[in-house]
Each structure stands twice: as C-alpha cells, then as structure tokens.
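What follows is a set of notes on a single structure, which appears directly below.
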Amino acid sequence: MLICAFLLINGIPALAEIGPLNFISAKNWRPSNDEFGILPMILASLYVTAGAIAVGVPPGILTAIFLSRFASQRIVRIFLPAIELLAGIPSVVYGFFGLVIIVPIIRENFSASRGGFSILAASIILGVMILPTIITVSKAALDAVPEHYYEGSLALGASHERSVFRVMTPAASSGIMASIVLGVGRAIGETMAVVMIIGNQARIPKSLIDGARTMTGNIVLEMGYAADLHRGALIATAVVLFVFILIINIVFNLLKRGSRA
Amino acid sequence: MTSRTQSPADHTDHVDKTASAQLQAARSTERAGEMQKAGERLPSARNAAKVTAVILRGLVYAAAASTAAALLFIVTYILVKGIPNITPDLFAWNYSSTNVSLMPALVNTVLMVGLSLLLAVPLGIGAAIYLVEYTGRGNKLVAFIRLAAETLTGIPSIVYGLFGLLFFVVALGWGFSLMSGAFTLAIMILPIIMRTTEEALQAVPDSYREGSYGLGAGRLRTVFKILLPSAAPGILAGVILSIGRIVGESAALIYTAGTVTKVPQFLDLSAAGTSQVLNPDAFFRSTRTLSVHMYVLASEGLHIDKTYATAAVLMVLVLAINLFASCLAKRITQGQEK
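The listed protein sequences derive, respectively, from chains A and B. Counting from 1, one number per residue, gives the positions in the first sequence under this note's numbering. Counting from 1, one number per residue, gives the positions in the second sequence under this note's numbering.
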C-alpha cells in the first residue's frame with residue numbers, strides 16, 4: 001500500500017504537467033526536448049504480450065491437456081516438476097539465451113540491417129517464459145473438472161479425444177483463461193529478458209522484426225540518469241504499468257470466482 | 001451397414017401384401033433409399049471423427065514434445081556452453097576487467113539473501129500469524145490484506161526497483177547500497193513469505209490448537225510451541241522459494257544495489273587493534289549480485305565465454321534452490337497424507 005501511495009505521489013505531478021491524455025497518446029519520447037509520449041511503449045508492451053500469447057498459449061494448453069489426460073503417471077511425475085523448476089530460471093538467463101540464439105537466427109533469416117533485436121525475438125522468449133505458468137494453472141483447472149463429465153461423454157459414444165476437447169476443455173475454460181491472464185501479467189511485467197533482446201528503440205514498431213521498447217524497458221533504461229520531469233515521466237510510466245497489472249489482477253480474480261461458481 | 005438398414009424395409013414388404021401393397025412398396029423402397037443414404041453418411045462421419053481424433057492427439061503430443069524440447073534445449077545449451085568455461089579464474093577473489101570473476105558477485109548475493117531474509121522473514125511470519133491466529137475467520141480486514149498481498153505479488157519487479165530507488169536510495173539518502181537493495185527485496189518477498197506461512201498455519205489441524213488450550217496454554221504459547229513447529233516445513237519451503245527469487249532477481253536491484261563488483265569490507269584490517277575494525281559503512285556500499293553481474297556481462301558482450309559460465313552457475317544455483325524447496329513441500333504433503 002505504501003508503495004502504491006509513494007508511486008502515485010511521485011508520479012501524479014509529472015502526469016499532471018505532461019497531461020495524462022497527452023502522456024499516453026503522444027507518439028514521441030524525446031526527454032531532451034521535454035516530449036514525453038509513451039504510446040510507443042504501451043503499444044510495444046501490448047504487441048510483445050500478444051506475441052508471447054500467440055507463441056506460448058497453444059502449446060501451453062495442449063501440454064496441460066497432455067499432462068492431465070494423455071500422459072501416464074510416470075511421465076507426469078517427471079514432466080511436471082521439471083516444468084515447475086524451469087519457472088524458476090532467472091530472467092537474465094532467458095534473456096541471454098535469446099541474445100545468443102534467437103536474435104542471430106532472426107538476423108540471418110529476415111533482415112541483416114535491423115540486427116535481429118526485435119519484437120519477434122522478445123515474443124518467442126516471453127512465450128517460452130510463460131509456458132510453465134500456463135501449463136501448471138491450466139492443468140490444475142483440467143484436473144478439477146469432475147471425472148463423471150468425462151465418463152458421461154464416453155458413455156455417449158464420444159472418443160477419448162472428443163471427450164477431452166469437447167467436454168473437459170470447455171468445462172475448464174475459466175481456469176484456462178485465468179492461466180492466460182496470469183501469463184499476460186508475467187509477460188507485461190518482464191523486464192530484463194525483454195530489454196536484452198528487443199532493441200529498445202522508442203518508436204512505434206511497424207513490423208514484427210522491428211525493434212521496440214516496452215514500458216518496463218523504458219523505466220530500466222533511463223532510470224539511471226533521469227532527473228526532474230524526465231524522472232517524473234518514468235515514474236508515471238510505472239503508474240501506467242501498475243494500472244495494467246491491476247486490471248489484469250482484477251480480471252484474474254473475477255475468472256477465479258467464475259470457476260468456483 | 002447397408003444390409004442392416006435394408007432389413008426393416010424388407011420386413012415391411014413381407015407384412016404388407018394387401019391391396020395397398022403397391023403403394024406401400026413404393027414408399028418403403030423410398031424409405032429404404034433414404035436409410036441407405038444415411039447409412040452411407042454414417043461411416044464417413046465416423047471416419048472424419050477418427051481423423052480429427054488422430055489429428056488432435058497428434059497436436060497434443062507434438063505440443064508436449066516441443067515444450068519439453070524447448071525447455072530442455074535452453075538448459076542443456078547453457079550448461080554445455082557454460083560448464084567447460086568454468087575455470088578457477090572465475091572464482092578469484094577480485095574482479096578485474098580482464099578476469100571477470102563472479103566471486104564478488106556470489107558473495108554479495110549471499111549477503112543480500114541473508115540481509116533481506118533477516119528483514120522479511122520475521123515480519124512475514126508475524127503478519128501471517130496475526131492473520132491466521134489473531135483475527136476471526138472471515139474478517140474483512142484480513143480479506144483486504146490478503147487481496148493487497150496478492151496484488152503485490154503481481155507487481156513487476158522493475159516497479160519495486162523504481163520504488164527502492166526513489167525511497168531508499170534518494171529519499172532516505174542511502175545511495176546505491178547493500179541496504180537499499182536488501183530493503184527493496186525484503187518488500188518484494190514479503191508477500192511470498194506471508195502467503196506460504198499462512199497456508200502452512202491453516203494446514204495445522206484445529207485439534208492441535210484445542211489440545212493446547214485444553215492443557216492450559218495461552219494463545220502466545222500455543223502459537224510458538226505448537227503451531228510454528230508443526231508449520232515449520234511449510235514456512236521453510238516459502239523461505240527457500242524466496243531465496244530463489246532473490247538470487248534470480250535483477251531488475252529490482254540494478255538501481256537500488258548498484259553494480260560495483262566488490263565485496264563490502266566489513267572488517268577494516270588496516271585499522272586492526274582499534275575500535276574501528278568493524279566498518280558499518282560497508283552496509284551502504286554499492287554491490288552487484290550474481291544476476292545483475294550476469295546482465296552486465298551479457299550487455300557488455302566482451303567475455304562471452306565467461307558469460308556462459310556465469311549463466312550456468314546462476315542457473316544451477318537457482319534450480320538447486322527451487323528443487324530443494326519443492327522436495328520440502330512434497331515431504332509436507334506426504335506427511336499430511338499419512
């Protein structure tokens with residue numbers, strides 16, 4: 001609570017001076033000219049998050065289905081703890097991996113001029129990073145579906161696959177949605193891994209292989225030397241980020257309540 | 001399939017041999033025709049269902065395999081590239097620009113872990129005890145605090161870092177220092193410790209509490225002599241989990257603890273024999289933890305081999321810590337089943 005209050009107190013004066021609407025809709029971020037528009041960062045954060053979802057969610061959910069309904073006990077006993085452990089790999093390690101593997105691949109296959117630091121690279125790495133979250137939460141949701149749903153579906157003549165995809169998965173949908181929302185929260189808040197591979201140009205990205213700068217990256221890159229209004233603008237960026245996270249948390253809680261009812 | 005659908009039609013043919021037989025026959029052949037069509041559709045539909053089932057099953061297996069492959073690839077890649085580069089140089093006491101030793105960073109990480117735990121553990125456990133034992137169940141305040149703690153866990157670490165920079169580094173004038181970093185991290189891990197302690201305490205059966213009260217123990221005595229010991233493994237698992245988080249943390253530390261690669265000098269040996277041997281100023285010196293070290297190395301891009309090695313050390317460390325935590329947690333759940 002202290003943190004919220006402190007951030008707001010420090011952020012609001014700057015926000016008021018720049019103008020809240022101007023702050024989130026202006027296209028230019030030029031601190032030296034007193035131009036503070038974080039629209040490029042907001043868009044970049046949204047693009048990267050969307051990309052991470054595109055990369056991470058389908059395999060995540062399918063893997064959760066595999067673990068919940070297809071795999072034998074023995075495989076689950078090895079697979080699940082391994083995935084949980086991987087959730088703990090520090091983000092700098094993921095970032096470094098992206099730097100030495102994914103960035104060069106993109107550089108060679110798409111365009112040498114842009115150097116490979118891109119939204120695409122960040123999306124892939126974030127997609128992998130949110131996999132464990134999505135898998136564990138979705139699996140819990142699938143496991144919570146009563147067994148007689150599955151048995152009922154089999155009794156009506158549906159195959160195993162049909163039962164799982166047409167009956168079990170819809171029944172667990174609110175839990176699966178919750179896992180996606182949680183993944184979104186992780187992706188949008190991730191800093192170091194993204195900063196290392198996204199290029200950090202503060203302009204509106206035009207394509208997947210363009211570099212961009214996320215809100216978190218904006219804070220970490222310029223906090224070291226920012227002063228006065230510039231610093232205020234960075235704090236205000238954190239406030240905007242905070243609002244995003246708050247919205248995500250509220251949606252998550254609503255979904256959780258929905259799955260309970 | 002076809003013969004089976006025709007048999008009822010044949011049957012009606014045999015029964016109806018009256019005047020209207022012709023009409024009936026015409027109708028029944030019509031019906032039989034329809035049935036035949038339906039019969040033809042049925043196997044094809046069944047085939048389609050089979051095909052989709054196979055495709056779905058294939059997708060599921062492919063997804064699981066690719067997930068496993070991706071995660072395995074990351075780990076093995078870092079290990080394979082990193083382990084051959086782990087040399088004794090890497091653990092030299094002093095860092096220099098030619099020998100990017102990770103030793104100072106490692107020592108700083110340990111110090112940071114110790115200090116932040118010292119701050120966060122008593123507070124977190126205390127808060128959890130209050131929430132579980134000293135407030136009525138279904139209390140509004142408790143629900144509010146729980147919601148706040150949940151929100152706190154969702155905040156990106158960079159926001160904590162920003163707060164630490166503004167509050168500890170600038171407002172309190174501590175500068176980039178061990179203390180600023182430790183306080184920032186303590187705030188960050190507080191919700192984790194609170195949450196796990198709460199869960200551990202809630203898992204202690206009420207009969208323990210009743211038994212303790214029944215023997216005449218007070219509430220304080222019950223908490224410290226009965227509840228905390230039986231909840232200890234759960235609390236420990238939470239603490240270890242937060243150690244893993246601290247070791248892996250970088251965003252929150254860059255602008256609170258700074259990036260100086262020196263071990264703080266708590267003992268000033270040059271002043272040996274005098275009262276100034278102890279150097280409390282060391283708490284306010286800038287330090288660089290292993291994750292930050294890793295980030296700086298990777299972005300400098302000069303010592304790529306050493307960076308691999310550092311990544312491997314960091315990863316193994318965090319994985320070991322997490323493995324330990326999950327083993328502890330497993331032991332608890334097994335204990336409960338018995």
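Quick reminder that beta carbons are idealized off the backbone N, C-alpha and C, glycines included. Because the structure is a prediction, the values reported are computed rather than measured.
- A straight line joining the alpha-carbon of A186 (chain B) with that of I235 (chain B) spans about 16 Å.
- For P90 (chain A), a Cβ of chain B is located within less than 7 Å of the residue's own Cβ.
- When beta bridges are read from the DSSP output, W29 (chain A) appears opposite A:F36.
- The beta carbon of A309 (chain B) is closer than 7 Å to those of G82, N85, I86 and L90 in its chain, skipping five residues each way along the sequence.
- Taking a cut-off of 8 Å for Cβ pairs, the segment 176-185 of chain B and the segment 234-252 of chain B touch, as three or more such pairs fall below it.
- For S138 (chain A), the enclosing alpha helix (DSSP H) starts and ends at I119 to A144.
- In this structure P132 (chain A) does not touch A178 (chain A) by the C-beta definition: roughly 15 Å separates them, more than the 8 Å allowed.
- Assigned with DSSP and collapsed to three states, G199 (chain A) falls in strand.
- Look at A87 (chain A) here: in three-state DSSP terms it is coil, with no helix or strand label.
- The beta carbon of G189 (chain A) falls within 7 Å of a beta carbon belonging to chain B, placing the residue at that interface.
- Per the C-alpha coordinates, the member of B:I192, B:Y208 and B:Y213 positioned closest to G244 (chain B) is B:I192.
- Residue-level contact check: S159 (chain A) touches chain B, since one or more beta carbons of chain B fall below 7 Å from its beta carbon.
- Within a 10 Å sphere around the beta-carbon of R195 (chain B) sit 16 or more other beta-carbons, which makes this residue buried.
- The alpha-carbon of G58 (chain B) is positioned some 33 Å away from that of C327 (chain B).
- A direct Cα-Cα distance of roughly 7 Å separates H160 (chain A) from L154 (chain A).
- Membership of H148 (chain A) in the alpha helix (DSSP H) is indicated by the continuous run E147 to A155.
- Put simply, of A:I135, A:G183 and A:N28 the residue whose alpha carbon is nearest the alpha carbon of L67 (chain A) is A:I135.
- According to the DSSP secondary-structure assignment, A212 (chain A) is paired through a beta bridge with A:G199.
- CA-CA distance, N33 (chain A) to V113 (chain B), rounds to 41 Å.
- Residues of chain A with a Cβ closer than 9 Å to the Cβ of Y77 (chain B) are, in chain order, F97, V100 and I101.
- In the structure shown, L118 (chain B) adopts helical secondary structure according to DSSP, grouped into three states.
- For A63 (chain B), the nearest CB of chain A lies under 7 Å from its own CB, placing it at the interface with that chain.
- Take the alpha-carbon of L255 (chain A) and the one of R221 (chain B): they are about 41 Å apart.
- Beta-carbon to beta-carbon, I248 (chain A) and S118 (chain A) are separated by about 25 Å, too far to satisfy the 8 Å threshold.
- Annotation for M188 (chain B): the continuous alpha helix (DSSP H) segment containing it runs L178 to A203.
- About 13 Å separates the beta carbons of I245 (chain A) and G183 (chain A), which is beyond the 8 Å limit, so they are not a contact pair.
- Contact with chain B is found for I219 (chain A), since one of that chain's Cβ atoms lies less than 7 Å from the residue's Cβ.
- Of the candidates A:G211, A:F252, A:V128 and A:P58, the residue whose Cα lies closest to the Cα of V195 (chain A) is A:G211.
- Around the beta carbon of G152 (chain A), a 10 Å sphere encloses fewer than 16 other beta carbons of the protein chains shown; the residue is thus reported as exposed.
- Exposed is the label assigned to T76 (chain B), since fewer than 16 other Cβ atoms lie within 10 Å of its Cβ.
- Ranked by how close their Cα comes to the Cα of G124 (chain B), the residues B:I189, B:A143, B:S230 and B:V80 have B:I189 in first place.
- Residue range L290 to E300 is occupied by the alpha helix (DSSP H) that includes A298 (chain B).
- For P58 (chain A), the residues of chain B that pass the 9 Å Cβ criterion are L59 and A63, in the order they occur in the chain.
- Of all C-beta pairs linking the segment 233-245 of chain A to the segment 206-223 of chain A, three or more are shorter than 8 Å, placing the two stretches in contact.
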